[in-house]
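Below is one structure, written out as structure tokens; comments come after it.
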Amino acid sequence: MIRFVPLAALVCALIAPLVLKSDSTFAIVTFGFLLASLAVSFNLIFGFTGQLSFFHAASFGVAAYVTAILVGDYRWNFWLAIVPALAVVGLLAILAGTICFRFKLREFYFAVVTMAFSEMIRLLVVNWNSVTNGTLGMTVTAQPTLWLPSGSVAVSSARLWYYVALALLVVTYVICQRVLASWIGRCLAAIRLNEQLGETLGVNVVLYKLLSFVIGSVLAGLIGCFYGFYTGFIEPQYLSITQSLDIIAMVLLGGVNSLFGPVIGGLVLTALPHVIDLSAELRIILYGAILIFVILVMPRGIFGFFSRPRHVV
Amino acid sequence: MIQLIIGQLLNGAIVGALYGIVALGITLTFGITGIVNFALGAFMMLGAYFTWYGYEQTGLPYPLAVVVAVLLVGALGFAVDRGLFRFTRNNLVNGLLVSIGLISIIEASVLLTWTSTPKDLTYVLPGSLRMGAILLPKMKLAVFAVLLAVIGSTYLALTRTWIGRAAFAYAQNPEAAALMGVKTDRLQTIVTVYSTALAGLGGALYASLYSLEPTIGAYYVLKAVESAILAGIGNTIGALVGGLIIGVSEGIGSVFLPTAFRDAYGMLFLVLILLFKPSGLLGSK
Numbered sequence: 061m062i063r064f065v066p067l068a069a070l071v072c073a074l075i076a077p078l079v080l081k082s083d084s085t086f087a088i089v090t091f092g093f094l095l096a097s098l099a100v101s102f103n104l105i106f107g108f109t110g111q112l113s114f115f116h117a118a119s120f121g122v123a124a125y126v127t128a129i130l131v132g133d134y135r136w137n138f139w140l141a142i143v144p145a146l147a148v149v150g151l152l153a154i155l156a157g158t159i160c161f162r163f164k165l166r167e168f169y170f171a172v173v174t175m176a177f178s179e180m181i182r183l184l185v186v187n188w189n190s191v192t193n194g195t196l197g198m199t200v201t202a203q204p205t206l207w208l209p210s211g212s213v214a215v216s217s218a219r220l221w222y223y224v225a226l227a228l229l230v231v232t233y234v235i236c237q238r239v240l241a242s243w244i245g246r247c248l249a250a251i252r253l254n255e256q257l258g259e260t261l262g263v264n265v266v267l268y269k270l271l272s273f274v275i276g277s278v279l280a281g282l283i284g285c286f287y288g289f290y291t292g293f294i295e296p297q298y299l300s301i302t303q304s305l306d307i308i309a310m311v312l313l314g315g316v317n318s319l320f321g322p323v324i325g326g327l328v329l330t331a332l333p334h335v336i337d338l339s340a341e342l343r344i345i346l347y348g349a350i351l352i353f354v355i356l357v358m359p360r361g362i363f364g365f366f367s368r369p370r371h372v373v
Numbered sequence: 002m003i004q005l006i007i008g009q010l011l012n013g014a015i016v017g018a019l020y021g022i023v024a025l026g027i028t029l030t031f032g033i034t035g036i037v038n039f040a041l042g043a044f045m046m047l048g049a050y051f052t053w054y055g056y057e058q059t060g061l062p063y064p065l066a067v068v069v070a071v072l073l074v075g076a077l078g079f080a081v082d083r084g085l086f087r088f089t090r091n092n093l094v095n096g097l098l099v100s101i102g103l104i105s106i107i108e109a110s111v112l113l114t115w116t117s118t119p120k121d122l123t124y125v126l127p128g129s130l131r132m133g134a135i136l137l138p139k140m141k142l143a144v145f146a147v148l149l150a151v152i153g154s155t156y157l158a159l160t161r162t163w164i165g166r167a168a169f170a171y172a173q174n175p176e177a178a179a180l181m182g183v184k185t186d187r188l189q190t191i192v193t194v195y196s197t198a199l200a201g202l203g204g205a206l207y208a209s210l211y212s213l214e215p216t217i218g219a220y221y222v223l224k225a226v227e228s229a230i231l232a233g234i235g236n237t238i239g240a241l242v243g244g245l246i247i248g249v250s251e252g253i254g255s256v257f258l259p260t261a262f263r264d265a266y267g268m269l270f271l272v273l274i275l276l277f278k279p280s281g282l283l284g285s286k
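Chains as they are written, first to last, in my numbering: chain V, 61 to 373; chain E, 2 to 286.
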């Protein structure tokens, strides 16, 4: 039964715009989709490979900055700008990942070093005023165009963004699913369950950790490219540790052991503060309380809580 | 120029000793409970705010305000340990995330109660000592002395008392220590509470020198983790040494290097240490 939940959810998401009317609901769900995609891509590294990375916000933010600068300052086409953005993110991930995995950094040390790399990139963005406009951030006015059979349209309406975000979520989800269903997924599981044993059985631990790290980071970059254009605003906060922590919280809330869990986590954590009307401070308190509650009471997350425990390969 | 460098040296040493006292808590908690308690920064910030409240709002004398703040933070530490951290022993990721949840709650509560406007204490101990051409503010010297004394006596307590040696034994071999009559659960609680109280004391002393903002905790705990790793995690005196190295190099560095990247140098140094000497500068291998 649980296998059909993602498909049923997709069908619901596709027909939902027929029922939904208000722009603010569209905005919340669109944000939910974007952040859920981020959580899904993060779970490839965290849940399925067992590496607690703090690099995700950096990948996300760097790609957002590169696309915005190329489109805004150099008048590139949005879709063309995605390519160099992802290339930059990929190179950064390969660099950071190779250093961490070659030197066999594990658990806490891996977390600290990725956090340090992420902070260094953030400081660079904050202080490179001439290009990034420093702490003030940049406004993004351009809009990506879509080529439909009826002609090209600028993605500007709430409804169109809803579908673009949904498509991104589906793309991220399917890529992660294909990766996990292939031999790569089995190597990642071996690394997660017992790294030493995997190595003795011939799994190239460094290579597969790096593969998962780079795929996850590039997917985060892809979402970053769109995110800046959706919000119309980019700031160094996108690369902060807090952003990474938000992603981790979504994954944990939804459930670490599944692909679909982070989708639920992302949607719930994005929508919750808007459903319950609270001041900013109370919202953060609620957020912390939920995080602690989930870890101590339902360590398998919402999705894990409702699905049967099964043997994950 | 000399005055500037001496001034930065003293500032760096004090800030470094503050990093050190939080780092000591980080190291102790990690050695005994197997988690990295990032919430120590938030407890430090609470200690600072409690001191400010006691001294400025209630009119307690400063030393009494410090004692009350440390006791309050320690009591909170006890509650948090019994209620939350007891369930995350030796589970690094869960402990990390629980402490992060705790940080959000504490920071937001402080924002809610005392707003984000920076708070300052009126001079506790004005005046300064003159040594030739160099001026040394009395309060800074006093704070530095107290920090050194506390870290030093913690070291003595760890090596000379029964509970201290029990902690060392436990860090080396938990099962053997338990067989020798070390009450594991109680030891872990004592260490967690002591670490929070240390962080609270750090905050209480911080309050007498610098402005309070709810974000100081997050900043100081990152530096403290850097200090603890720099010296080799699990090393008591190393925590102080690591803190002093980072604090002094930041102070002196700000005279000669662009300040925009001040925090990045520390990060870079940390990465290099972890890559090439993961047991830390003072580590054995």
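Glycine residues also receive a C-beta, built at the ideal position from the N, C-alpha and C atoms.
Proximal residues of chain E, C-beta to C-beta of residue i below 7 Å
i: E341/V; result: A109, L112 and L113
i: F168/V; result: V37 and L93
Coil, strand or helix - residue i by DSSP
i: T185/E; result: helix
i: W391/V; result: As displayed, chain V neither begins before 61 nor continues past 373, which places residue 391/V out of reach and without an answer.
i: S212/V; result: strand
i: R131/E; result: strand
i: L338/V; result: coil
i: K120/E; result: strand
i: P144/V; result: helix
i: L94/V; result: helix
i: L287/E; result: Because chain E here runs from 2 to 286, residue 287/E falls outside it and cannot be looked at.
i: W188/V; result: coil
i: N91/E; result: coil
i: L271/E; result: helix
i: G262/V; result: coil
i: A40/E; result: coil
i: H371/V; result: Low per-residue confidence applies at H371/V: pLDDT is 49, beneath 50, and the placement is therefore not dependable, though the value from the model is reported in the following sentence. Here H371/V sits in coil by DSSP.
i: Q111/V; result: coil
i: T162/E; result: coil
i: T30/E; result: helix
i: T59/E; result: coil
i: K374/V; result: Past the boundaries of the shown model lies residue 374/V; chain V is included only from 61 to 373, so the question cannot be answered.
i: I253/E; result: helix
i: S1/E; result: For chain E, the structure presents residues 2 to 286; residue 1/E sits outside this window and is missing.
i: L98/E; result: helix
i: K286/E; result: Note that K286/E scores a pLDDT of 42, beneath 50, so its modelled location is shaky; the value from the coordinates is reported in the next line. Correct three-state label for K286/E: coil.
i: I234/E; result: coil
Listed by chain order, chain V residues near residue i by CB distance under 8 Å
i: D264/E; result: E179 and L183
i: L103/E; result: G348 and I352
i: L85/E; result: I352 and L356
Chain E contact residues for residue i, given Cβ-Cβ distances below 9 Å
i: V311/V; result: Chain E residues near V311/V: none, gap ~10 Å exceeds 9 Å.
i: G245/V; result: Residues of chain E passing the Cβ test: none, with the nearest at roughly 21 Å.
i: E259/V; result: The contacting residues do not exist; E259/V stays about 19 Å from chain E at best.
Beta-carbon contacts of residue i that lie in its chain and below 6 Å, excluding the five residues immediately before and after
i: D121/E; result: S212
i: G321/V; result: G314, G315, G361 and F363
i: S318/V; result: F363
i: G348/V; result: none
i: L146/V; result: V278 and G281
Strand pairing of residue i, partner residues [DSSP]
i: T199/V; result: F293/V
i: L213/E; result: K120/E
Residues near residue i by beta carbon distance below 8 Å, same chain, minus five either side
i: P175/E; result: T185
i: L5/E; result: V256
i: I3/E; result: A134 and I135
i: I301/V; result: F114, A117, M175, S178 and E179
Own chain, CB closer than 7 Å to residue i, minus 5 neighbours either side, in chain order
i: L126/E; result: K139, M140 and A143
i: L275/E; result: I230
i: I247/E; result: G17, Y20, K224, E227, S228, L231 and G267
i: K286/E; result: Caution is warranted here: a pLDDT of 42 is assigned to K286/E, below 50, making its placement in the model unreliable, and the coordinate value is therefore given only provisionally. Taken in chain order, the residues that qualify are S280.
Amino acids of chain B, ordered along the chain, whose beta-carbon sits closer than 8 Å to that of residue i
i: V71/E; result: Here chain B cannot be found, since the structure's protein chains are V and E.
Contact list for residue i against chain V, beta-carbon separation under 9 Å
i: V222/E; result: What V222/E touches in chain V: nothing, since even the nearest Cβ is about 11 Å away.
i: F88/E; result: I355 and L356
i: V99/E; result: L351, I352, I355 and L356
Proximal chain E residues relative to residue i, where beta-carbon distance stays under 8 Å
i: V172/V; result: V226, I230, L271 and L275
i: N187/V; result: A261 and F262
Within chain V, partners of residue i - CB distance below 7 Å
i: M268/E; result: A176, E179 and M180
Beta carbons nearer than 8 Å to chain E: which residues of the segment 151 to 164 of chain V have them? I159 and F163
Select from the segment 282 to 303 of chain V all residues with a C-beta closer than 8 Å to any C-beta belonging to chain E, and list them in chain order. none
Would you list, in chain order, the members of the segment 222 to 239 of chain V that have their beta-carbon closer than 7 Å to a beta-carbon of chain E? none
Using a Cβ-Cβ cut-off of less than 8 Å, list which residues of the segment 225 to 244 of chain E approach chain V; keep chain order. V226 and I230
Which residues, in chain order, does the segment 98 to 111 of chain V contribute to contact with chain E at a C-beta distance below 8 Å? none
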